[in-house]
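For the sequence shown, the numbering used here gives the first residue as 31, with consecutive numbering after it. A quick write-up on the structure given underneath.
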Amino acid sequence: MMKCPFCDNYFTIVIDSREVEDGTKTKRKRKCTKCEKKFTTYEEKAVEVKDEYKHDINN
Ligand SMILES: [Zn+2]
């Protein structure tokens with residue numbers, strides 16, 4: 031859940047969405063339903079498991 035950085039309201043709507051950094055993240059423009067301020071978030075698309083992969087190589 032993305033909360034509003036201005037009033038901590040959890041109810042926000044997405045008004046624009048596009049991929050950045052080779053598609054690994056999504057940039058979203060959001061608008062707070064409470065104070066109606068607009069803000070931008072960068073959200074990870076997938077959780078990576080690189081640490082576990084390294085562990086397998088060392089064994
Ligand atoms: Zn707000």
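For every residue, glycine included, the Cβ atom is placed at its ideal position computed from N, Cα and C. Here the structure is a predicted model, which is why all the values come from computation and not from measurement.
If you drop the 5 nearest sequence neighbours on each side, which residues of the same chain put their C-beta closer than 8 angstroms to that of residue i?
i: Lys-33; result: Asn-39, Tyr-40 and Thr-42
i: Ser-47; result: Thr-56, Lys-57, Arg-58 and Lys-59
Could you name the residues of the same chain whose beta carbon sits closer than 6 angstroms to that of residue i, not counting the 5 residues immediately before and after it, in chain order?
i: Gly-37; result: According to the sequence provided, residue 37 is Cys. The question's Gly does not apply to it. Correct list, in chain order: Lys-64 and Cys-65.
Can you check which of these residues, the options, is closest to residue i by C-alpha distance?
i: Lys-93; options: Gly-53, Thr-70, Lys-55 and Thr-54; result: The structure shown does not extend to residue 93, since the chain is modelled only from 31 through 89, so no value can be given for it.
Within the continuous beta strand (DSSP E) that includes residue i, where are the two ends?
i: Cys-62; result: 55-62
i: Tyr-40; result: Where Tyr-40 is concerned, there is no enclosing beta strand (DSSP E), given that its DSSP letter is neither H nor E.
i: Lys-68; result: 68-74
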